[in-house]
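**Q**
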Amino acid sequence: MQVEKIWLENGRIFIKTDTGRVASHDLALFPKLLNASEAQRGNFETSFFGIHWPELDEDLSFEGFFASEGIREENEISLVLKRFPEININQLAKRAGINQSLLAKYVCGNKRPSKKRAKEIGDALRQLGSELNSITL
């Protein structure tokens with residue numbers, strides 16, 4: 003497979019192959035890319051196997067863009083967080099005590115949280131809501 007084009011748009015990273023096939027990943031799956039500046043995201047190298055961002059020490063394989071096709075599914079965490087885009091996924095992960103990339107996978111529907119994990123995330127959201135509710139201006 004030869005990749006002809008790589009671009010970022012609307013919070014996603016896209017690739018287009020020489021056969022015209024297009025695939026993308028949500029940047030939320032990759033916290034280093036998500037939190038990088040536009041200049042840092044634009045500073046990448048390609049090889050036969052994938053994309054490398056030297057400054058960010060991040061790598062994505064071309065094969066991975068197509069391996070995950072069709073496995074996305076909505077879950078309760080995904081649905082709630084899509085309703086409230088103001089919530090910073092990275093900060094919520096820290097508050098809930100879970101890995102940022104794991105929470106990103108829940109949000110994108112690439113993984114489904116266990117009941118225990120969903121409760122931990124829900125507890126962190128309720129705690130945040132309670133703290134916000136107590137603010138007086």
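According to the working numbering, the stretch in the sequence shown is residues 3 to 139, in order. Every residue, glycine too, gets a C-beta built ideally from N, C-alpha and C.
1. Let me make sure I understand the geometry here. Which of Lys84, Ser136, Ala25 has the alpha-carbon closest to that of Leu10?
2. Helix, strand or coil for Ile79 per DSSP?
3. Pick helix, strand or coil for Ser132, following the three-state DSSP scheme.
4. To the nearest angstrom, report how far apart Gly22 and Lys7 are at their CA atoms.
5. Where does Gly72 sit, in a helix, a strand or coil, going by DSSP?
6. Let me know the secondary structure DSSP gives Ser103 once reduced to three states.
7. Please go through the same chain and pick out, in chain order, the residues whose beta-carbon is closer than 7 Å to the beta-carbon of Ile73, but skip the five residues on each side of it.
8. Need the endpoints of the alpha helix (DSSP H) that Arg97 sits in, please.
9. Quick check on this structure: which residue in Ala98, Gln102, Leu31, Glu133 has the alpha carbon closest to the alpha carbon of Ile92?
10. Looking at C-alpha atoms only, which residue of Ala126, Ile15, Asp59 is the closest neighbour of Gly66?
11. Output the distance between the C-alpha atoms of Lys96 and Pro56, rounded to the nearest integer angstrom.
**A** Reading it off the structure:
1. Ranking Lys84, Ser136, Ala25 by Cα distance to Leu10 puts Ala25 first.
2. It is helical.
3. It is helical.
4. One Cα belongs to Gly22, the other to Lys7, and the distance between them is close to 10 Å.
5. Its pLDDT being 49, under 50, Gly72 is placed unreliably in this model, and the coordinates cannot settle the point.
6. Secondary structure at Ser103: helix, using DSSP grouped into helix, strand and coil.
7. Residue placement at Ile73 is flagged as unreliable, the pLDDT there being 49, under the threshold of 50; a coordinate-derived value is accordingly withheld.
8. In this chain, the alpha helix (DSSP H) harbouring Arg97 covers 91 to 98.
9. Per the sequence presented here, residue 92 reads as Asn, with Ile not at that position. The residue from Ala98, Gln102, Leu31, Glu133 with its alpha-carbon nearest to that of Asn92 is Gln102.
10. Here the closest residue by C-alpha is Ile15.
11. Roughly 26 Å separates the two Cα atoms.
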